[in-house]
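Notes for the one structure printed next.
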Amino acid sequence: MKSRTLFTITALFLAIASCKKDDKKDDTVSASLSGTLNFTMPTYVSRGSPLSLTPSGVVNPTGSVGYYWTRSWSSAKDTTKLENGPGDGTFTFTAPTEIGPYSVSCVAFAAGYYTASALSTFYVVDPALGKTITGLGINPASDPSFTDVRDGTTYFTTTVGDKVWIRSNLTYSGSGASFEGCPVMDGLFGRYYTWDEASNACPPGWHLPSDAEWAALASAATGATFQAGEAFKGAAGALMANAKFLDERMWEFWPAVNITNKTGMSIIPVGYAIDAEGKVRFKGGNDYAAFWTSDTNETNGVYRYLYVSKPDVLASYGDQVSFRASVRCVKD
235 MKSRTLFTIT
245 ALFLAIASCK
255 KDDKKDDTVS
265 ASLSGTLNFT
275 MPTYVSRGSP
285 LSLTPSGVVN
295 PTGSVGYYWT
305 RSWSSAKDTT
315 KLENGPGDGT
325 FTFTAPTEIG
335 PYSVSCVAFA
345 AGYYTASALS
355 TFYVVDPALG
365 KTITGLGINP
375 ASDPSFTDVR
385 DGTTYFTTTV
395 GDKVWIRSNL
405 TYSGSGASFE
415 GCPVMDGLFG
425 RYYTWDEASN
435 ACPPGWHLPS
445 DAEWAALASA
455 ATGATFQAGE
465 AFKGAAGALM
475 ANAKFLDERM
485 WEFWPAVNIT
495 NKTGMSIIPV
505 GYAIDAEGKV
515 RFKGGNDYAA
525 FWTSDTNETN
535 GVYRYLYVSK
545 PDVLASYGDQ
555 VSFRASVRCV
565 KD
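Position one of the sequence shown corresponds to residue 235 (this note's numbering), numbered consecutively onward.
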């Protein structure tokens with residue numbers, strides 16, 4: 235009986251001690267800062283460009299918040315605001331000079347609270363020919379070109395049949411939208427235009443091609459005879475470039491599609507865009523290339539598109555004011 239009583243008392247003491255220990259532990263557990271930490275980082279930036287990021291979204295219910303930042307290409311930890319110090323925690327820095335993927339992260343801190351963090355991955359790009367995108371098949375030393383008098387942009391050209399085409403997507407910034415809102419991408423992907431914008435976007439002496447002109451292009455490329463409105467069977471590979479973006483293949487390999495870039499059109503799959511709810515939403519990257527024609531169908535514009543796994547150049551319709559596609563121009 236004595237031993238049982240001693241065991242009971244000992245067990246009770248240990249239970250009480252354990253409760254006290256747990257209570258003490260609970261008292262020291264940190265709370266979480268209110269909200270979600272965030273900052274806006276462009277997805278694509280140019281080499282060595284200046285950047286400024288301002289954190290927001292978190293609140294210390296009992297005081298202030300401090301911030302520090304880290305970068306994937308540096309071991310430094312930059313504290314931009316102490317918990318009770320002045321400022322808003324803005325981080326000003328310079329993008330790397332080497333192209334490629336990078337990341338930057340922010341940590342919010344306050345005494346007695348768990349830290350909150352946010353991370354953003356971005357890409358440093360160079361629009362110069364042969365830097366970020368390779369494999370376009372363009373030789374700047376010998377291939378013909380012209381300069382857009384409106385903004386000084388140089389476009390290389392190719393002659394297919396009796397028509398002269400520009401070999402890259404139009405970049406004219408008088409209209410259209412930049413990929414993911416990043417102007418540095420204009421020189422790589424071109425801008426995305428509504429049909430209304432595309433109708434007047436080509437340089438003086440050049441025009442938006444009709445679907446019949448696209449048919450003539452496909453006919454010259456394949457030796458077949460195509461008409462406006464029909465699918466250009468087997469013509470896609472002659473227009474595609476086997477290009478790479480930051481060393482990653484842009485057109486995925488599909489046995490049905492033989493990429494030769496025979497026409498020199500150097501088409502890459504930069505997708506399309508749709509205006510919705512006040513935003514430009516980009517879709518179809520690495521799968522589609524879409525180009526406006528000057529043709530219409532009631533309230534829609536006619537566009538030509540290439541799809542990664544299809545050997546044909548297909549036709550479709552898009553709303554003239556909300557659907558966005560790339561533009562190639564033909565010499566008058």
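Glycine is no exception: its CB is placed at the ideal position from the N, C-alpha and C atoms.
Measure the C-alpha to C-alpha separation of GLY334 and GLN461 and round it to an integer number of angstroms.
Rounded to the nearest angstrom, the two C-alpha atoms are 43 angstroms apart.
Looking only at its chain, what residues have a beta carbon closer than 6 angstroms to the beta carbon of TRP440, apart from the 5 residues adjacent to it on each side?
Non-local beta-carbon contacts of TRP440 in its own chain, meaning distances under 6 angstroms to residues more than five positions away in sequence, involve CYS563, LYS565 in chain order.
How about GLY300 and LEU287: do their beta carbons lie closer than 9 angstroms?
The Cβ atoms of GLY300 and LEU287 lie no closer than 9 angstroms to each other.
Which residues in the same chain have their Cβ closer than 7 angstroms to the Cβ of PHE423, if we skip the five residues on either side of it in sequence?
The answer, listed in chain order, is ASN403, PHE413, VAL504.
Pairing CB atoms from the region 317–327 with CB atoms from the region 354–370, are three or more of them under 8 angstroms?
No: the two stretches stay apart, fewer than three of their Cβ pairs being nearer than 8 angstroms.
Rounded to whole angstroms, what's the CA-CA distance from SER375 to PHE390? Just pull it up for me.
The question names Ser, but residue 375 is Ala in the sequence shown. One C-alpha to the other measures close to 11 angstroms.
Roughly how many angstroms separate the alpha carbons of GLY395 and ALA455, rounded to a whole number?
If you take the alpha carbons of GLY395 and ALA455, they lie about 8 angstroms apart.
C-beta atoms of THR405 and THR387 nearer than 9 angstroms:
Cβ atoms of THR405 and THR387: closer than 9 angstroms.
Proximal residues to GLY468 (C-beta, below 8 angstroms), its chain only, five neighbours per side dropped:
Closer than 8 angstroms at Cβ, skipping near neighbours: THR456, ALA458, PRO545, ASP546.
Apart from the five residues on each side of it in sequence, which residues of its chain come closer than 7 angstroms, Cβ to Cβ, to ALA470?
Taken in chain order, the residues that qualify are VAL491, LEU540, LYS544, PRO545, ASP546, VAL547.
Have a look at VAL398 and GLY535 and give me their C-alpha separation to the nearest angstrom.
Pairing VAL398 with GLY535, the inter-Cα distance amounts to about 23 angstroms.
Own chain partners of GLY463 with C-beta closer than 7 angstroms, once the 5 adjacent residues on each side are dropped
So the qualifying residues of the chain are ASP445, ALA549.
Can you look up PHE380 in the DSSP assignment and give me helix, strand or coil?
Collapsing the DSSP output to three states places PHE380 in a strand.
To the nearest whole angstrom, what separates the beta carbons of ASP420 and SER407, a pair I think is in contact under 8 angstroms?
Going by Cβ atoms, the distance from ASP420 to SER407 rounds to 7 angstroms, so yes, they are a contact pair.
State the CB to CB distance for the pair ALA510 and SER560, rounded to an integer number of angstroms; the pair is presumed to be in contact (CB under 8 angstroms).
Approximately 19 angstroms separates the beta-carbon atoms of ALA510 and SER560; this is outside 8 angstroms, ruling out the contact.
So, is TYR427 buried or exposed, given that buried needs 16 or more other C-beta atoms within 10 angstroms?
The residue in question, TYR427, is buried, as its Cβ has 16 or more Cβ neighbours within 10 Å.
Look up MET275 in the DSSP assignment and say whether it is helix, strand or coil.
Coil.
With distances taken Cα to Cα, identify the nearest neighbour of ASN520 among GLY552, PHE487, PRO284.
It is PHE487.
Give the C-beta separation of ARG425 and ALA411 to the nearest angstrom, bearing in mind that I take them to be a contact with Cβ-Cβ under 8 angstroms.
The C-beta distance from ARG425 to ALA411 rounds to 6 angstroms, short enough to fall under 8 angstroms.
Anticipated Cβ contact below 8 angstroms, PRO276 with PHE380, distance rounded
For a cut-off of 8 angstroms, the C-beta gap from PRO276 to PHE380 is around 31 angstroms, too long to register as a contact.
Decide if the region 337–345 is in contact with the region 302–311; the criterion is three or more beta carbon pairs, one per stretch, under 8 angstroms apart.
A contact exists between the region 337–345 and the region 302–311.
Looking at the strands, I want to know which residues DSSP matches up with THR527.
Its beta-bridge partners do not exist; DSSP assigns none.
Could you have a look at LYS258 and say whether DSSP puts it in helix, strand or coil?
Bear in mind that the predicted position of LYS258 carries a pLDDT of just 41, short of 50, making it too unreliable to give a figure here.
Quick one: is PRO489 buried, meaning 16 or more other Cβ sit within 10 Å of its Cβ, or exposed?
Looking at its Cβ environment, which holds fewer than 16 other Cβ atoms inside 10 Å, PRO489 is exposed.
Top-ranked residue by Cα proximity to TRP429, from TRP526, THR296, SER264:
The residue with the shortest Cα to Cα distance from TRP429 is TRP526.
For PRO437, three-class secondary structure by DSSP:
Coil at PRO437, not helix or strand.
Could you say which of SER280, GLY297, GLY269 lies nearest to SER290 if we only look at CA atoms?
Nearest option by C-alpha distance: GLY269.
Measure the CB-CB distance between GLU332 and VAL293 and report whether it falls below 9 angstroms.
Their beta carbons are not under 9 angstroms apart, which means GLU332 does not touch VAL293 by this criterion.
By Cβ distance, which residues of its chain are closer than 7 angstroms to PHE516, with the 5 residues on each side in sequence left out?
Excluding positions up to five away in sequence, the list reads PHE413, GLU414, GLY505, ALA507.
CA-CA distance, GLU482 and PHE466?
As the crow flies, the alpha-carbon of GLU482 is around 28 angstroms from that of PHE466.
Based on the DSSP output, what are the partners of THR314 in its beta bridges?
Bridge partners of THR314: none, in fact.
Would you say SER351 and LEU271 are within 9 angstroms of each other, going by their C-beta atoms?
Yes, they are a contact pair.
By the 10 Å Cβ neighbour count, where 16 or more other Cβ atoms means buried, how is PRO438 classified, buried or exposed?
The C-beta of PRO438 has fewer than 16 other C-beta atoms within 10 Å across all chains shown, which makes the residue exposed.
Whole angstroms are fine: how far does the CA of GLY282 sit from the CA of MET474?
Distance between the alpha carbons of MET474 and GLY282 is about 32 angstroms.
By Cβ distance, which residues of its chain are closer than 8 angstroms to PRO320, with the 5 residues on each side in sequence left out?
Here the set comprises nothing.
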